[in-house]
Amino acid sequence: MRPEELKQLLADMSLEEKIGQLVQLPSYFQNGGHITGPASDMGITQEDLQLAGSYLSIIGAEKIKALQDEYMAHHPHHIPLVFMADIINGYRTVFPVPLAQGCTFRPDMVEAGAATAAKEAAAAGIHVTFSPMADLVRDARWGRVMESTGEDPYLNGLMAAAMVKGYQGERLTDKGRMASCLKHFAGYGAPEAGRDYNNVELSPRTLKEDYLPAYQAAIDAGTALVMTSFNTLDRIPSTANRWLMRDVLRKDMGFDGVLISDWAAVGELVPHGVAEDFADAARLAIEAGVDMDMVSPSYIKNLKTLVEKGKVPEFLIDESCLRVLELKNKLGLFENPYKDLSADDEAALLLCEEHKKAAQACAELSFVLLKNEGMLPLEKNAAKKTAFIGPFVDNKFLCGSWAIFCDDQDTTPLKAALMDAALPGTTVFAKGCPVLGPEDIVHGFQKPVEKEEMDLEQALQEAIEAAKAADQVVLALGEHREFSGEAASRATLTLPACQQRLLDEVAKVNENITVILFCGRPMDVRAIQNKAKALLVAWFPGTEGGPALVRTLYGDSTPSGKLSMSFPYCAAQLPIHYNHLSTGRPFNGNFAEARFGSKYQDIPNQPLYPFGFGLTYTEFSLSSVRLDRDTLQPGETLTASVTLQNTGSRPGTETVQLYIRDVKGSVARPVRELKGFRQVTLQPGKTATVSFTITEEMLRFYDIHMDYVSEPGLFEVFIGTDSRTENKASFTLKK
Ligand code: GLC
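Its first residue numbered 16, the sequence shown is counted upward by one per residue in our numbering.
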């Protein structure tokens with residue numbers, strides 16, 4: 016439709032119709048037109064069902080086509096429904112969880128993964144995905160770190176933009192594309208105490224400096240929607256925060272698409288204590304510019320009365336309704352309400368070989384090798400006997416808790432992949448223990464949590480025997496998939512006790528241990544690494560996690576992943592991040608010298624493994640940093656270079672990282688900030704020059720007056736292979 020036709024449609028619509036376009040209902044309200052259960056509890060009527068303009072989590076070409084036909088036939092202006100769903104790390108072909116994708120440091124791979132997900136989801140009739148989640152995270156107790164791409168604003172921005180481009184492509188009407196919905200705006204990743212949905216306290220400067228850049232990158236990439244966050248910011252729930260939504264999101268950041276609430280977040284303004292009732296909540300949200308109410312009864316049951324009583328001006332309804340109509344128009348739904356849905360395409364695309372290969376390739380790039388003392392890669396040696404032990408050896412639950420449309424039966428576990436690979440040598444398997452012991456508590460979010468019935472002592476003994484008789488052991492351990500994700504905050508980051516016991520007992524009979532760690536968050540791995548010669552973080556690697564691991568374990572693929580989020584020394588250290596401030600008493604690590612330093616008495620300040628860290632199967636050396644000048648003027652560029660050499664015996668890929676420190680500013684500045692990275696693959700003995708161009712724009716920040724400027728003075732340039740590098744040189748910015 017042309018813009019003027021949309022405006023005419025809006026003018027022709029009744030108030031009820033316009034409000035209906037602002038309402039998104041859950042899939043389970045679609046009960047063949049019968050009002051039952053939660054729908055009736057919500058007071059939903061037949062007319063509501065006929066007018067609500069969107070559903071979430073309905074999938075499948077045939078089902079969506081039938082529902083679209085039914086809805087449009089009854090709608091007074093035959094306006095099409097828009098179907099939305101959470102396609103977070105793939106639809107049926109599942110990619111690694113986003114935190115793992117962040118570790119690839121490959122925005123191109125992430126974009127390709129999003130494009131694959133869009134092809135599959137679009138064929139199934141989905142028009143919008145609630146992704147990318149671009150929340151900056153610094154506290155691994157928060158289960159949703161799994162859905163983020165980590166602790167760095169620059170990396171998160173690249174990844175969020177990549178996902179938007181992968182989902183949306185050039186035009187939303189193009190086949191195999193779907194609209195993206197950036198979430199959760201804003202600052203949801205910083206809940207107090209790491210507890211989901213908890214209050215967020217961020218200064219305006221920290222919000223703008225650290226938390227908004229990734230959202231801005233997604234907006235600049237053209238995300239069609241944004242989702243409000245559950246949390247309060249400055250004690251104001253985002254869904255009612257007019258400053259955040261109208262001044263910051265729309266005016267400052269330039270977002271002009273549809274703003275949808277998170278699940279029931281409009282109604283939750285009541286328990287937040289800022290709304291008397293759902294009518295009050297509806298008023299606050301529409302005034303804040305929330306265009307769509309996801310699943311709460313607030314808009315659908317109250318907006319009409321609020322307008323009729325003059326409590327809400329109708330132009331607010333009109334501006335929101337027009338944005339929803341524009342979204343449907345961008346998707347081409349007025350011309351083709353079915354968009355890409357096709358049962359034939361579903362059959363051809365879902366889990367096709369091309370997609371599975373892409374998922375496997377992404378998984379291989381997402382693994383992070385934290386420790387390796389001569390264990391990996393495993394030899395393909397007929398004389399070797401390897402025992403694969405642990406609850407993740409033959410475990411299909413490798414897709415993370417937000418892969419809600421996948422079938423876990425499609426996942427290839429490690430054991431099956433090993434059998435398929437038919438490698439030389441003797442391989443034995445033993446489960447050793449369940450994922451969860453009797454004492455472990457977990458509440459399933461999307462799927463029920465099954466407790467495995469097992470004779471724990473017998474399982475342990477079998478594992479010990481298998482380890483005794485083997486030359487080397489690979490222990491596949493980790494957290495339950497429901498340990499991370501939404502509503503999955505945890506105060507402890509260690510392995511379930513039954514798994515730690517398994518590791519401890521196996522280590523008593525065999526010292527050649529490699530641990531593969533499956534997890535959705537950084538964990539406290541001290542008790543793991545002390546017993547293992549090698550530690551490979553596999554995260555939740557998705558449908559092809561098994562084959563990806565076999566290729567990596569046996570050296571057909573070399574790990575190159577770098578941590579997108581620090582692994583803390585322990586949970587008590589949280590929140591932790593590499594780009595912290597110095598404090599007035601920076602601690603140099605020497606407890607004797609700096610009694611009054613900013614430190615703990617009982618643990619180190621540094622994480623166990625820092626942002627940007629990851630080993631490969633070879634070794635690299637880096638020269639000192641070379642600068643082509645020692646002063647920089649605005650408008651000029653400065654080149655910083657190093658020479659990288661593969662000093663090992665195998666090919667490998669290194670991610671060379673550029674960090675910059677503004678030594679003195681009108682406000683305190685981070686000890687360093689990631690400003691660039693390059694991935695370089697080298698054969699043994701080969702070298703490469705790696706150069707970065709530094710500009711004055713890269714040095715800008717929110718100064719004492721909250722102006723986004725650079726300030727003259729000394730800057731340090733660090734170039735290394737993780738965020739702890741001290742390989743540096745300095746220059747002066749002159750004005
Ligand atoms: C959930 C999540 C959000 C998701 C939405 C729809 O509560 O917070 O990330 O997209 O509801 O499922």
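No residue lacks a Cβ here, since even glycine has one placed at the ideal position from N, Cα and C.
Could you tell me the boundaries of the alpha helix (DSSP H) in which R676 lies? First-last for R676: 667-677, but that is the beta strand (DSSP E), not the alpha helix (DSSP H).
With a Cβ-Cβ cutoff of 7 Å, do K319 and L30 count as a contact? yes
Sub-7 Å separation of R760 and H592 beta-carbons: Since the displayed the chain opens at 16 and closes at 750, residue 760 lies outside it and no answer follows.
Fully enclosed by the stretch 221-306, which alpha helix (DSSP H) runs are 4 residues long or longer? 227-235, 284-287, 293-303
Counting only beta-carbon atoms, is E608 nearer than 7 Å to chain B? The displayed structure is made up of one protein chain only, and chain B is not part of it.
Specify the secondary structure class of F110 as computed by DSSP and reduced to three states. coil
Suppose the cutoff is 6 Å on Cβ atoms and the five residues either side in sequence are ignored; what does the same chain contact list for D409 look like? P428, K430
Do the CB positions of A744 and E559 come within less than 7 Å of each other? no
When H49, S504, K190 are compared against R159, the one with the closest alpha-carbon: S504
Which stretch, first to last residue, makes up the alpha helix (DSSP H) that contains I332? 329-345
Rounded to whole angstroms, what is the Cα-Cα separation between L630 and V327? 58 Å
Going by DSSP, what residues sit across from V143 in a beta bridge? M99, A194
Go through its chain and collect everything with a Cβ distance to M538's Cβ below 8 Å, but skip five positions before and after it. A155, E494, L508, T509, L510, L532, F582
For T646, which residues in the same chain have their Cβ closer than 8 Å to its Cβ, ignoring the five residues on either side in sequence? F746, T747, L748, K749
Which term fits L393, buried or exposed, when burial requires 16 or more other beta carbons within 10 angstroms of its beta carbon? buried
Looking at C-alpha atoms only, which residue of A376, F412, V143 is the closest neighbour of Q39? V143
Report the option in S636, L637, E651 whose CA atom is closest to the CA atom of D643. E651
Buried versus exposed, by CB contacts within 10 Å (16 or more), K614: buried
Beta carbon of P147, beta carbon of D225: below 7 Å? Cβ distance not < 7 Å, so P147 and D225 don't count as in contact.
Alpha carbon of I734 to alpha carbon of S638, nearest angstrom: 9 Å
Give the residues whose C-beta lies closer than 7 Å to at least one heavy atom of the ligand GLC, in chain order. L71, S72, D101, F145, M148, K198, H199, M242, F245, D277, W278, M309, E501
6 Å CB neighbourhood of G181 in its chain, flanking five on each side removed: E126, A129, A130
Grouping DSSP H, G and I as helix and E and B as strand, with all else coil, what is K430? helix
Could you compute how far the alpha carbon of H90 sits from the alpha carbon of K33? 12 Å
Cβ-based neighbour list, S597, same chain, cut-off 6 Å, excluding 5 preceding and 5 following: V686
Buried or exposed, going by whether 16 or more other CB atoms sit within 10 Å of the CB of I719? Classification for I719: exposed.
Any 3 or more C-beta pairs closer than 8 Å across the stretch 225-234 and the stretch 267-280: These segments touch.
Are Y86 and L71 close, meaning C-beta to C-beta below 7 Å? Cβ atoms of Y86 and L71: not closer than 7 Å.
For V457, tell me which candidate among E291, S416, F555 has the shortest Cα-Cα distance. S416
On a CA-only basis, which of L331, L274, E334, A402 is nearest L433? Give me that one, please. Nearest C-alpha to L433: A402.
Contacts around E361, its chain only, beta-carbon distance under 7 Å, and the 5 residues preceding and following it disregarded: Cβ neighbours of E361 beyond the five flanking positions: A76, A138, A139.
Measure from the alpha carbon of T164 to the alpha carbon of each residue in S579, L66, T662, G500, then state which is nearest. S579
Applying the criterion that 16 or more other CB atoms from any shown protein chain within 10 Å of the CB defines a buried residue, is F330 buried or exposed? exposed
From the DSSP output, in three-state form, read off G728 for me. strand
8 Å CB neighbourhood of M260 in its chain, flanking five on each side removed: Cβ-Cβ distances below 8 Å link M260 to F200, T243, S253, L274, A303, G304, V305 in the same chain, with the five nearest sequence neighbours on each side left out; the list follows chain order.
Look at P649 and E731 and say whether their C-beta atoms are less than 7 Å apart. Not in contact: P649 and E731 (Cβ atoms no closer than 7 Å).
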